[in-house]
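The opening residue of the sequence shown carries number 5 in my numbering; numbering runs sequentially from there. One structure is given here, and the rest of the page talks about it.
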Amino acid sequence: MKKIMILFVLITAPLIAQDMNTITVSGTANKQVSIDKYHISISLKEVIADGYQNLEPMSLAEVTDAYKTKLNSVGIDFGKFVQNDAFGMYASYSETTDYGYYNYTTTVGEEVKKIIKNKTRGVTIYSVEILAKDKTNTELSTLANAAIEDAKITAQKIANGMGKKLGSIVKVTDSNGKAQYMDTYKPNLPQKHTVSVTFSIE
5 MKKIMILFVL ITAPLIAQDM NTITVSGTAN KQVSIDKYHI SISLKEVIAD
55 GYQNLEPMSL AEVTDAYKTK LNSVGIDFGK FVQNDAFGMY ASYSETTDYG
105 YYNYTTTVGE EVKKIIKNKT RGVTIYSVEI LAKDKTNTEL STLANAAIED
155 AKITAQKIAN GMGKKLGSIV KVTDSNGKAQ YMDTYKPNLP QKHTVSVTFS
205 IE
């Protein structure tokens with residue numbers, strides 16, 4: 005048992021010493037996320053007559069033609085909508101009338117506003133996604149360097165408090181990818197690019 009205990013101490017001691025000679029801190033940099041495109045999903049459905057609400061029936065073809073005309077009047081081409089058969093099959097179990105599901109993608113925000121405003125009977129907009137523009141490698145590198153500098157400031161203060169000298173960077177962990185997320189609640193506020201940096205101390 006004593007031999008095992010001694011061996012354990014000999015193996016772990018270098019690891020402990022190494023940890024005592026480094027400090028790991030987080031650093032952040034502000035980043036702006038910009039809009040890349042908008043993705044709209046709509047459904048067109050047959051309108052069933054409703055005497056209580058004084059609704060006249062409309063077939064799916066009539067609903068579609070009326071919607072095409074309405075969009076065309078504001079400069080939107082319904083021909084650019086792409087039918088979403090996959091979602092149609094997924095939602096078909098709950099449908100009791102003729103239907104059609106479509107997607108529309110644009111980089112122009114004004115088009116989105118026109119589509120939302122110009123609905124007709126039988127048309128429902130069930131999803132509007134705002135997709136963020138990816139960061140380039142150059143942008144990610146710039147953000148990472150700024151975050152590393154921020155981490156260095158924190159590490160320097162910690163080292164001073166320990167009575168140590170801050171050494172070189174041992175390791176940088178950056179899990180940020182090119183894909184970005186658009187916060188629709190606070191789209192104009194900067195987001196954070198965070199890295200973890202390990203420094204040696206002397």
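The beta carbon of each residue, even a glycine, is placed where N, CA and C say it ideally should be.
What span of residues does the beta strand (DSSP E) with residue i cover, start to end?
i	result
Val78	Neither: Val78 is in no beta strand (DSSP E) and is coded neither H nor E.
For residue i, collect the residues of the same chain with a Cβ closer than 8 Å to its Cβ; drop the 5 residues on either side in sequence, then sort them by chain order.
i	result
Val67	Leu48, Lys49, Glu50, Val51, Thr124, Arg125, Gly126 and Val127
Ala159	Ile27, Val29, Leu170, Val201 and Phe203
Leu193	Asp187
Ile129	Ile44, Ser45, Ile46, Ile119, Ile120 and Lys123
What are the boundary residues of the alpha helix (DSSP H) that includes residue i?
i	result
Gln160	Asn141 to Met166
Val114	In the sequence as presented, Val is not what sits at residue 114; that position holds Glu. Start and end: Gly113 to Lys121.
I'd like to confirm the pairing. Which residues does DSSP put opposite residue i in its beta bridges?
i	result
Tyr103	Lys49
Phe203	Ile27 and Ile173
Ala136	Ile39
Val67	Beta-bridge pairing links Val67 to no other residue.
Near residue i, what residues of its chain come up, given a Cβ to Cβ distance below 7 Å and the 5 sequence neighbours on each side ignored?
i	result
Glu60	Ala53
Thr188	Ile134
Ser179	none
Report the three-state DSSP secondary structure of residue i (helix, strand or coil).
i	result
Leu193	coil
Tyr108	strand
Ala33	strand
Tyr130	strand
Met186	coil
Thr124	coil
Does residue i get closer than 9 Å to chain B when you measure Cβ to Cβ?
i	result
Thr28	Of the protein chains in the structure, only one exists, and it is not chain B.
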